[in-house]
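Undergrad: Below: one structure in structure tokens.
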Amino acid sequence: MILGSDHSTQAAPPTALANLLGRTRACILGHLTQPTSTTELAQQLEVPPGTVSQHLGVLHRAGLVTSARHGHLVLYLRSPLGDQLLT
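The sequence shown runs contiguously to residue 87 in UniProt numbering.
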């Protein structure tokens, strides 16, 4: 279960990762298996887009996610370092 979402198929983040990053950031990282926008993540996790945006900024500065602009959207994806944290 992700942040109280009953319809999500994503498993809860590993406890150690949630302790390190915080539960929301760990959940965001776990969801980024394909390029995803802030709005999509906010809907999936049922948290405000501004909250997701702030967490994505931290994850991006830490090198755990990458971003690419596609038209008016910025899409985020887990980086190789982010992948390593989840394994």
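Quick reminder that beta carbons are idealized off the backbone N, C-alpha and C, glycines included.
1) Between T15, R23, L29, which has its C-alpha nearest L81's C-alpha?
2) Assign residue 90 to one of two classes, buried (16 or more other C-beta atoms within 10 Å of its C-beta) or exposed (fewer than that).
3) Give the list of continuous beta strand (DSSP E) stretches no shorter than 3 residues that lie fully inside the UniProt domain "HTH arsR-type" (15–87).
4) Is the CB-CB distance between V58 and T38 below 9 Å?
5) Under 6 Å Cβ to Cβ from A18, same chain only, skipping five residues before and after it: list those, please.
6) If you measure between the beta carbons of P35 and H70, is that distance less than 9 Å?
7) Report yes if the CB atom of T87 is closer than 9 Å to the CB atom of L77, and no otherwise.
8) Note down, in chain order, each residue of its chain lying with its Cβ closer than 6 Å to the Cβ of T24, except the 5 sequence neighbours on either side.
TA: The structure says:
1) In the sequence shown, the residue the question calls residue 81 occupies position 81. For L81, the nearest C-alpha among the options comes from L29.
2) With the chain represented from 1 up to 87, any question about residue 90 goes unanswered, as that position is not in the structure.
3) When DSSP assignments are scanned along the UniProt domain "HTH arsR-type" (15–87), the uninterrupted stretches of beta strand (DSSP E) that are 3 or more residues long and fall wholly within it turn out to be 65–70, 73–78.
4) Here residue 58 refers to the residue found at position 58 when the sequence shown is read from its first residue. Here residue 38 refers to the residue found at position 38 when the sequence shown is read from its first residue. For V58 and T38, no; Cβs fall outside 9 Å.
5) What you label residue 18 is simply residue 18 of the sequence shown in a count that begins at 1. For A18, where only same-chain residues beyond five positions count, the Cβ hits under 6 Å are A26.
6) Residue mapping note: residue 35 aligns to position 35 of the sequence shown, counting from 1. Residue mapping note: residue 70 aligns to position 70 of the sequence shown, counting from 1. Going by beta carbons, P35 and H70 fall inside the 9 Å limit.
7) As a first step, residue 87 is located in the sequence shown; it is residue number 87 there, counting from the start. As a first step, residue 77 is located in the sequence shown; it is residue number 77 there, counting from the start. Their beta carbons are not under 9 Å apart, which means T87 does not touch L77 by this criterion.
8) As a position in the sequence shown, residue 24 is number 24, starting the count at 1. So the list reads H55, once near-sequence residues are dropped.
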